[in-house]
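Just so you know, we're using our numbering here: the sequence shown kicks off at 1 and counts up by one.
What follows is a short report on a single structure.
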Amino acid sequence: MRTFRHSLRGLIKQPLFSGIVILTFALGIGANSAVFSVVNAVLLQPLPFRSPNEIVSVHLYDTREGAPSPSADSDAISYPDFVDLRAQNQVFASMAVYINRSLTLSDGATATHLQGEAVSAALFPLLGVQPVLGRAFLPG
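So, in structure tokens, the structure goes:
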């Protein structure tokens, strides 16, 4: 107990040193917690889909144009092409289509830029997920 009191008196006598020590511990613990949270979410936890090992993403590649361009829509597939691929499918149990989209949401006075996805009705059943509120899209 005497050692503890002696240490406490030393910390009180040197408040700058004490503050630096406490700040260093806080930053170290916070950084470790943040890194572990990311590692846990990305590597340790399973993906939130039913059978994630059975889900694949198929992209088109035009051999006449060489390497695909780095733009976001370089491998975009048109919906008629998707319908043809789905009709000729003999491999996959289910197929859905999605594409990244930049959107603008406006209430008339202000506008907000958003990133979103345009998806087909089959995407939610394919992933085995349900919306938090309401229902998923109906086909057709």
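All residues carry an ideal CB built from backbone N, CA and C; glycine is no exception.
Contact between S120 and A87 is ruled out by a C-beta separation of about 14 Å, above the 8 Å threshold. According to the DSSP assignment, I55 belongs to no alpha helix (DSSP H), since it is labelled neither H nor E. In this chain, the alpha helix (DSSP H) harbouring V21 covers P15 to V39. Residue environment for L27: exposed (fewer than 16 other C-beta atoms within 10 angstroms of its C-beta).
Setting aside the 5 residues that flank it on each side, A118 is surrounded in the same chain by I99 and R101, each with a C-beta closer than 6 Å to its C-beta; the list follows chain order. Burial state of L126 is buried, judged by a 10 Å Cβ sphere holding 16 or more other Cβ atoms. Note on geometry: alpha-carbon atoms of Q90 and T112 lie some 42 Å from one another. Between the C-alpha atoms of S33 and V42 there is a straight-line separation of about 14 Å. In terms of Cβ geometry, F17 and L11 form a close pair [threshold 9 Å]. Excluding its 5 nearest sequence neighbours in each direction, S94 has C-beta neighbours in its own chain below 8 Å: A122, P125 and L126, listed in chain order. For Q115, no alpha helix (DSSP H) run applies; the uninterrupted beta strand (DSSP E) run containing it begins and ends at A111 to V119, by DSSP.
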